[in-house]
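Q: Going by our numbering, the letters in the sequence shown line up with residues 444 to 797, in that order.
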Amino acid sequence: MESIDHYPGINSSFIETKRLKMHVLTAGDESKSPILFLHGNASTSTIWEEVMLKLSKNYFCIAPDLRGYGQTDPTKIIDATRGAMDWVDDISALKEELGLTTFHLIGHSLGGWICWSLIPKLYKSIKSVSLMAPGPPYGFGGIHGKSGAPNNPDYSGSGAGVVNSKFVEEIKRGNRKADSPFAPRNVMNRLFWKDGFKFEREEDILTSLLQIHTGTKQYPGDHESSEYWPFVRPGKFGPVNALSPLYNQQVAKRFISTTEKPTILWIHGKDDQIIANESYSDPGFQGKAGLREDWPGEEVFPPQPMIDQITYVLDLYAKSGGKVYTHKIVNSGHSPFIEQPEKVLHELETLLSN
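So this is what it looks like as structure tokens:
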């Protein structure tokens, strides 16, 4: 496994919790108010380093590699039938090990999606939540409408079976070249940020992507055949199956009914191609765009309206007593804290200081 050269001021260590051994990056003075950062899919804690360094002047910043990613124990699998709960329990165990009484929470993409389930469990400890391009609370794939109704009874079109097998094979062989549309470098540059953006730490972020734990019970996970288009349904292991709406039907309800509601900031890039009403990663949109064969049409399998779903749930959260702030970042794709760091830092610092 290739190593990552962390910025000066970023400390790398391993922390043994009651659940697993986690690789954790930290920055700042431990006596200051903590911020817990959760990274996205096909990523690791290192994606947060720039933000951590900026915020570490006033906060103690903590960013673990989540189960299934990076240098955290590669022998531990994800029980997808629990939805986000393996990650939630891991984070709870890390909180206990570090002795965190209260903390701010920042999650990106998959990490933001985990926050929907983490808030109802740890709301007494969470001072604020910043959601960076989070996945919708219902999960990813095979659903329609603002309330996330299933397109088919077995939630076909969600789970590991929708992940392109050529992309997975390129990860397994550690391909660092840009020699095919499925090469991890090309997928990263096509989807992580707006077209044309060039990140100076591209090599380290690529290394992070290649550190994802692959295998039948790891990324992307197992899958089963379906009688419904696109003829795959979720299996029971791995991160992509854990994202299936099949296993997350009660997440939005639990989130909205949280007794004490931390203030939430939702930040998303205007040009995000992953979390969108027509996501490039969604089978419904892929079918509509002619990228998947035999699409049955918009009435049967429409693109998942992810932005509408997030808006709907956050509106209900606000109506039930929570405070919600939304900021759309122009000239940004899926990673606004990297693409437009000053704008995002301004929003974060405003929230954290209140």
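Beta carbons are placed, not taken as given, at the ideal position from N, Cα and C, and that holds for glycine.
Where does residue 613 land, buried or exposed, given buried means 16+ other C-beta within 10 angstroms?
A: buried
Q: Given a cut-off of 8 angstroms on the beta-carbon distance, is the pair residue 592 and residue 677 in contact?
A: no
Q: Residue 708 lies in the beta strand (DSSP E); which residues open and close that run?
A: Residue 708: member of the beta strand (DSSP E) spanning 706 to 712, first to last residue.
Q: Give me the Cα-Cα distance between residue 513 and residue 539, rounded to the nearest whole angstrom.
A: 22 angstroms
Q: So, for residue 527: in the same chain, excluding its five sequence neighbours on each side, which residues have a beta-carbon less than 6 angstroms away from its beta-carbon?
A: 557 and 560
Q: Is residue 760 closer than 8 angstroms to residue 699 when the C-beta atoms are compared?
A: Yes, they are a contact pair.
Q: Less than 8 angstroms between the beta carbons of residue 437 and residue 474, yes or no?
A: One cannot answer for residue 437 here, as it falls past the ends of the chain, which runs 444 to 797.
Q: Between residue 635 and residue 777, how many whole angstroms is the CB-CB distance? I'm expecting something under 8 angstroms.
A: 6 angstroms
Q: Tell me whether the beta-carbon of residue 790 lies closer than 8 angstroms to the beta-carbon of residue 708.
A: yes
Q: Along the chain, where does the beta strand (DSSP E) that runs through residue 478 open and close?
A: 477 to 481
Q: Closest to residue 611 by C-alpha separation, out of 624, 601, 456 and 691, would be which residue?
A: 624
Q: Helix, strand or coil: which one does DSSP assign to residue 811?
A: This structure cannot speak to residue 811, because the chain is shown only from 444 to 797.
Q: Can you tell me where the beta strand (DSSP E) holding residue 676 begins and where it ends?
A: 675 to 677
Q: What residue range is occupied by the uninterrupted alpha helix (DSSP H) comprising residue 550?
A: Taken as a continuous stretch (DSSP letters only), residue 550 belongs to no alpha helix (DSSP H), being part of the beta strand (DSSP E) at 546 to 551.
Q: Quick one: what's residue 657 bridged to in DSSP?
A: BP columns for residue 657 point to 662.
Q: Is residue 466 helix, strand or coil when you go by DSSP?
A: strand
Q: Whole-angstrom Cβ separation of residue 505 and residue 469, contact assumed at under 8 angstroms?
A: Residue 469 and residue 505 do touch by the CB rule: their CB atoms are close to 5 angstroms apart, below 8 angstroms.
Q: Using the beta-carbon count (16 or more within 10 Å), is residue 515 buried or exposed?
A: Counting the other Cβ atoms within 10 Å of the Cβ of residue 515 gives 16 or more, which makes it buried.
Q: Check the C-beta distance from residue 775 over to residue 641 and give it rounded, since I have them as a contact under 8 angstroms.
A: The Cβ separation is near 14 angstroms, so there is no contact.
Q: I'd like the span of the beta strand (DSSP E) that includes residue 574, first residue to last.
A: 569 to 575
Q: Rounded to whole angstroms, what is the Cα-Cα separation between residue 654 and residue 718?
A: 23 angstroms
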